[in-house]
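According to my numbering, the sequence shown is numbered sequentially starting from 289. Notes follow the structure.
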Amino acid sequence: MAAVLLGFGAVCRYVHPYAALAFIGLGVAAWLLRRSRTRQPARWLLNTLAVLVVVVSALRVSPDYLVEPILEGILLLVAIKLLEARLPRDYLQIHALCVFQLLGSALISLSMVFLLFFIPLAFLLTVSLILLTFEAADQDPHLPRPAVLKIFAQAGLICLLSVPIMVVIFVILPRTNYPILMFLNQSGSGHTGFSERVQLGEVAAIQEDNSVVFRAAMAVIDPDQLYWRGIVLDHFDGVAWTRSDSAERPYGAVRVDGRPVQQTIYLEPYGNKFLFGLDKPIKIQGRSAARGEDLTYQERHGIFQRIRYQVDSMVGAKMQVENPDQDYGLQLPPNIPEELRQLADRLGAGLGPREKVAAFVRYLRGGQFRYALSELPVSDQPLADFLLRHHQGNCEYFAASLAVLLRLGGIPSRLVGGYKGGYYNSTGGYYLVLQKHAHIWTEAYLNDLDWVRLDPTPAAGLQPADLYLRKFLTQARLLTDVLNYYWFRLIVDYDFQQQLQFLHRAREAVTTQSWRPWLSRLPLARALAVFVGLAALGLAGWELLRRRRRDPAVELAARFRARLGRRGYRMKPSEGLEEFVARIDSAPLQGRALAFVLALEPYLYGGQAFQKAHYRRLAKQLRGL
289 MAAVLLGFGA
299 VCRYVHPYAA
309 LAFIGLGVAA
319 WLLRRSRTRQ
329 PARWLLNTLA
339 VLVVVVSALR
349 VSPDYLVEPI
359 LEGILLLVAI
369 KLLEARLPRD
379 YLQIHALCVF
389 QLLGSALISL
399 SMVFLLFFIP
409 LAFLLTVSLI
419 LLTFEAADQD
429 PHLPRPAVLK
439 IFAQAGLICL
449 LSVPIMVVIF
459 VILPRTNYPI
469 LMFLNQSGSG
479 HTGFSERVQL
489 GEVAAIQEDN
499 SVVFRAAMAV
509 IDPDQLYWRG
519 IVLDHFDGVA
529 WTRSDSAERP
539 YGAVRVDGRP
549 VQQTIYLEPY
559 GNKFLFGLDK
569 PIKIQGRSAA
579 RGEDLTYQER
589 HGIFQRIRYQ
599 VDSMVGAKMQ
609 VENPDQDYGL
619 QLPPNIPEEL
629 RQLADRLGAG
639 LGPREKVAAF
649 VRYLRGGQFR
659 YALSELPVSD
669 QPLADFLLRH
679 HQGNCEYFAA
689 SLAVLLRLGG
699 IPSRLVGGYK
709 GGYYNSTGGY
719 YLVLQKHAHI
729 WTEAYLNDLD
739 WVRLDPTPAA
749 GLQPADLYLR
759 KFLTQARLLT
769 DVLNYYWFRL
779 IVDYDFQQQL
789 QFLHRAREAV
799 TTQSWRPWLS
809 RLPLARALAV
819 FVGLAALGLA
829 GWELLRRRRR
839 DPAVELAARF
849 RARLGRRGYR
859 MKPSEGLEEF
869 VARIDSAPLQ
879 GRALAFVLAL
889 EPYLYGGQAF
899 QKAHYRRLAK
909 QLRGL
């Protein structure tokens with residue numbers, strides 16, 4: 289039953305609620321029938337029901353809905369088998385179906401939760417197979433507690449012994465450059481994230497989500513440079529920002545200077561097609577993503593599975609575009625409020641482009657504006673309400689306001705959507721970036737500096753993620769997240785290229801014997817001490833294992849003969865224990881020895897099971913001889 293519950297737990301997240309309820313109902317019915325010893329339903333009826341389940345599941349299969357109907361069918365077949373489970377073969381079939389459930393869940397999601405079900409299920413199935421072997425030999429076996437504990441120990445040992453074999457098979461099993469069954473692993477619909485249309489106030493919902501967006505394996509850098517570029521929005525209709533056709537153009541001559549930083553990004557499924565990288569990403573490897581003139585990268589289709597790619601970025605850089613479009617970045621909606629035009633004219637009166645930028649940023653960072661994730665302006669003119677009346681909003685209000693003021697002042701501008709910051713996990717050597725870090729900033733085009741990054745959002749606007757970091761649960765999450773990181777990096781992401789690299793390193797180590805210099809540096813005495821210590825540990829472990837595997841009654845009998853041998857009494861090969869005791873000429877010793885033998889014989893010859901209390905009592909008697 290425990291194996292059945294584990295199989296159900298592995299798939300319950302992916303099956304329809306009605307299928308889960310049907311499984312629970314049939315499972316409860318099977319338990320009540322077994323407990324009340326009521327006659328079970330006829331096999332022909334259950335077989336007919338099983339055939340109907342298979343047919344209905346097959347009819348529901350489609351290219352976009354392939355695995356889930358099969359899992360639901362297997363789940364119901366397990367429940368039906370529970371109703372008719374009488375013979376060992378019925379339980380073997382249930383165990384096989386549980387294994388198929390676990391394998392099916394791996395086709396949908398490759399998360400580390402798979403291990404939480406795989407390890408106990410492997411152990412329980414091993415125990416079940418051993419118990420079914422006893423039942424096949426004896427229809428009504430009654431196993432004493434020590435025997436049951438021994439079965440559990442042996443099952444655990446079998447599982448441990450299978451680990452090295454499993455590792456070897458995992459390493460050498462042939463792989464392709466692209467996982468054949470990855471099309472099945474869509475990981476649901478993806479998390480909420482940036483899209484190609486961002487309405488003012490929309491990012492606030494993303495910033496309240498603490499799910500993981502991506503992990504970036506890299507060295508620690510200045511926190512002020514942690515801007516993760518994703519999407520560029522350059523068209524404003526008064527309420528929402530979208531991506532125009534101009535931004536979709538393939539890149540021409542773009543020059544970026546700055547400090548190079550390399551990252552390996554492990555991106556979670558989020559549904560959109562844009563890839564993220566440290567601002568400014570100049571090159572992406574590992575994915576066939578199209579690069580735009582605005583240094584954004586996008587896949588052909590949405591990202592519904594976890595992916596890995598490498599990014600080369602120039603940190604602290606400015607982006608120079610040769611022969612730019614003179615009208616790009618100046619578009620404004622026709623219904624822009626006149627009061628916004630007056631505000632831009634007043635703030636930028638008599639100033640050059642660079643001075644205008646500084647004045648607009650200084651105005652937005654002034655004390656009258658406050659960062660907020662709730663009670664945001666939602667009228668027909670949200671920017672006018674934000675700038676002139678409410679004076680509170682989140683990052684896209686600040687960034688959009690700066691972009692509109694810049695355009696009103698004749699300076700091309702656009703919004704960049706991505707993430708700001710991240711929690712550095714020193715154990716794994718990577719930044720953990722959550723949806724809470726969602727951020728939008730502004731880029732302005734200046735003739736002498738070209739496209740430069742501007743972030744008008746006050747520093748207080750970054751506090752939600754910073755406060756989240758201080759929570760104890762977040763610190764614990766950073767520690768446990770290392771397991772998820774290495775699970776994907778070493779297990780899920782182990783592909784043909786990494787397999788070739790591993791085999792090449794192994795061959796190089798053998799052919800060049802690179803381990804010999806390390807061994808030769810060890811002093812002879814230290815090497816000898818290490819060898820002797822390892823040999824002693826090995827012998828001690830072997831002796832302990834040999835003693836544990838010996839029958840306790842046989843061990844006590846051997847100790848009894850050895851103890852009396854030290855007192856001058858040798859047992860002959862043809863003698864029994866009572867005959868041996870009868871030859872003892874010391875009456876007190878003979879009495880104690882006979883009492884010990886009479887207490888031991890039921891366990892030694894009668895097959896009576898040992899309990900710990902019995903063993904301790906006999907060992908105490910033995911010490912009294």
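Ideal Cβ positions, reconstructed from N, Cα and C, are used throughout, including at glycine.
Item to check | DSSP bridge partner residues for Q586 (one or two, in chain order) | outcome: F562 and A578
Next on the checklist: Using DSSP's beta-bridge definition, name the partner residues of I519.
Outcome noted: G705
Checklist entry - Is the number of C-beta pairs between the segment 506 to 519 and the segment 705 to 725 that are closer than 8 Å three or more? => result yes
Checklist entry - Apart from the five residues just before and just after A298, which ones in its own chain have a Cβ nearer than 7 Å to its Cβ? => result Q389, L390, S393 and F405
Checklist entry - What distance in whole Å lies between the Cβ atoms of C386 and F411, which are believed to be in contact at a cut-off of 8 Å? => result No, F411 and C386 are not in contact; Cβ-Cβ is about 13 Å, not under 8 Å.
Checklist entry - Is the closest heavy atom of the ligand HEM to the C-beta of A384 under 6 Å? => result This structure does not include the ligand HEM; it has no bound ligands of any sort.
Next on the checklist: Mapping the DSSP letters down to three states, classify K571 as helix, strand or coil.
Outcome noted: strand
Item to check | Through-space distance from R325 to I382, alpha-carbon basis | outcome: 21 Å
Item to check | Environment of N772 [buried if 16+ CB atoms lie within 10 Å] | outcome: buried
Checklist entry - Could you give the distance in angstroms between the alpha-carbon of Y651 and the alpha-carbon of F502? => result 34 Å
Next on the checklist: Once DSSP output is grouped into helix, strand and coil, what is the label at T552?
Outcome noted: strand
Checklist entry - From P434 to E863, what distance separates their C-alpha atoms? => result 30 Å
Checklist entry - At which residues does the beta strand (DSSP E) containing W262 begin and terminate? => result Because the chain is modelled from 289 through 913, residue 262 falls outside the range shown and cannot be assessed.
Checklist entry - Since L720 is in the beta strand (DSSP E), which residue starts that stretch and which ends it? => result Y718 to L722
Item to check | Reduced DSSP category for S475 - H, G, I as helix; E, B as strand; rest coil | outcome: The predicted position of S475 is uncertain, since its pLDDT is 46 and thus under 50; a value taken from the coordinates is nonetheless stated next. Looking at S475 - three-state DSSP - the assignment turns out to be coil, as it is neither helix nor strand.
Checklist entry - Hey, out of S399, P700, G315 and G444, whose CA is closest to L417's CA? => result G444
Item to check | Contacting residues, own chain, Cβ-Cβ under 6 Å from G478 (five flanking each side not counted) | outcome: At G478, the pLDDT of 42 sits below 50, so the modelled position is not reliable; the number obtained from the coordinates is stated separately. P557, Y558, G559 and F592, listed in sequence order.
Next on the checklist: To the nearest angstrom, how far is the alpha carbon of A367 from that of L293?
Outcome noted: 11 Å
Item to check | Given 8 Å, three or more beta-carbon pairs between the segment 696 to 706 and the segment 721 to 738 | outcome: yes
Item to check | Sufficient close CB pairs (3 or more, under 8 Å) joining the segment 654 to 662 to the segment 583 to 597 | outcome: no
Checklist entry - Just curious, the beta strand (DSSP E) that Y857 is in, first and last residue? => result That residue, Y857, is in no beta strand (DSSP E); it is neither H nor E in DSSP.
Next on the checklist: What would DSSP say about R485, mapped onto helix, strand or coil?
Outcome noted: strand
Checklist entry - Who are the Cβ neighbours of Y857 in its own chain at under 8 Å, not counting the five residues just before and after it? => result F868, R871 and I872
Next on the checklist: Within 10 Å of its beta-carbon, does T421 have 16 or more other beta-carbons around it, so buried, or fewer, so exposed?
Outcome noted: exposed
Checklist entry - Are the C-beta atoms of K900 and some chain B residue less than 7 Å apart? => result In the structure shown, chain B does not exist; there is a single protein chain.
Checklist entry - Given a threshold of 16 other Cβ atoms within 10 Å of its Cβ, counted over all protein chains shown, does V349 qualify as buried or as exposed? => result exposed
Item to check | Distance between R695 and D615 (C-alpha atoms, nearest Å) | outcome: 11 Å
Checklist entry - Less than 7 Å separating the beta-carbons of V770 and G716? => result yes
Checklist entry - Is it buried or exposed for N682, if we count other Cβ within 10 angstroms and need 16 for buried? => result buried
Item to check | Whole-angstrom distance between L882 and P876, CA atom to CA atom | outcome: 10 Å
Checklist entry - What residue range is occupied by the uninterrupted beta strand (DSSP E) comprising P728? => result As written in the sequence, residue 728 is Ile, which differs from the Pro given in the question. Note, I728: beta strand (DSSP E), A726 to L734.
Checklist entry - Exposed or buried, which one is R301 when buried takes at least 16 other CB atoms within 10 Å? => result exposed
Next on the checklist: Tell me the rounded alpha-carbon separation between H678 and L766.
Outcome noted: 37 Å
Checklist entry - Who are the near neighbours of A687 in its chain, counting only those whose CB is closer than 6 Å to its CB and skipping five residues on each side? => result L703, I728, W729 and T730
Item to check | Outcome for A672 when other beta-carbon atoms lying within 10 angstroms are tallied against a minimum of 16 | outcome: buried
Checklist entry - To the nearest whole angstrom, what separates the beta carbons of W775 and M400, a pair I think is in contact under 8 Å? => result 4 Å
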